[in-house]
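In what follows, a structure is listed as structure tokens, so that the remarks can point back to it.
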Amino acid sequence: MNRIILLRRPVSQSAMQREIEELFRRQWEYPRPALVRHEEGMWRPQIDVYEVQDEYIVLVELAGMRNSEIEVTLLEGALLLSGRRPELHPEGTQRFHQLAISEGPFQSAVLLPGPVVDEAIMAQYDDGLLKITLPKRKPQSLRIPVTNE
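So, in structure tokens, the structure goes:
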């Protein structure tokens, strides 16, 4: 299946990424990759999602924050991450020579690549990295009885 994309105006990097992810999703429906969505207008923490034998790992770079400023919520197969990095620059700063560290609120969503054991999820924040460990849920078979109507 071929698809033509017409660009009528400049497209943001996040919009282009969403379009490419959608193309891949339609072409190869399964396995579903972990998708990361960021709320527009807020800063975007760097997020890695990978898996090991029995669990998925989400690593979020959140330097300069306290664990009390970070919120992690699991909702319908997605991790919702939000928080607020406090202002880092002293009041009265006259001029910035380089400004690359984001501050203020952030909000991101990570769509998980598979089912997880909700009750066993752990989140640890240490040295500026938030590590969320999500144990994979093992597939279970269910025998369905056949009746005569």
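Okay, so the sequence shown: first residue is 19 according to our numbering, each after it adds one.
Quick reminder that beta carbons are idealized off the backbone N, C-alpha and C, glycines included.
Only exposed fits G146, as fewer than 16 other CB atoms lie within 10 angstroms of its CB.
Assignment of S126 by DSSP, reduced to helix, strand and coil, places it in the strand class. Per DSSP, reduced to three states, the secondary structure at Q142 is strand.
Taking C-beta atoms under 8 Å as the contact rule, I162 and I150 fail to qualify, at a distance of about 35 Å. Here DSSP, grouped into helix, strand and coil, assigns R36 to helix. Within the DSSP secondary-structure output, G101 pairs in a beta bridge with I88, F124.
Counting only the Cα atoms, P157 lies some 25 Å from T165. Within the DSSP secondary-structure output, D66 pairs in a beta bridge with L77. Around E79, the same chain offers P63, Q64, G146, L147 as residues with beta carbons nearer than 7 Å, after the five sequence neighbours per side are excluded.
Closest in alpha carbon position to R103, among W61, E69, I38, A141, is W61. DSSP places P157 outside any beta strand (DSSP E), giving it a letter other than H or E.
The continuous beta strand (DSSP E) containing T151 extends over residues 147-153. According to the DSSP secondary-structure assignment, V134 is paired through a beta bridge with K154.
DSSP places L117 in the coil class of the three-state scheme, outside both helix and strand.
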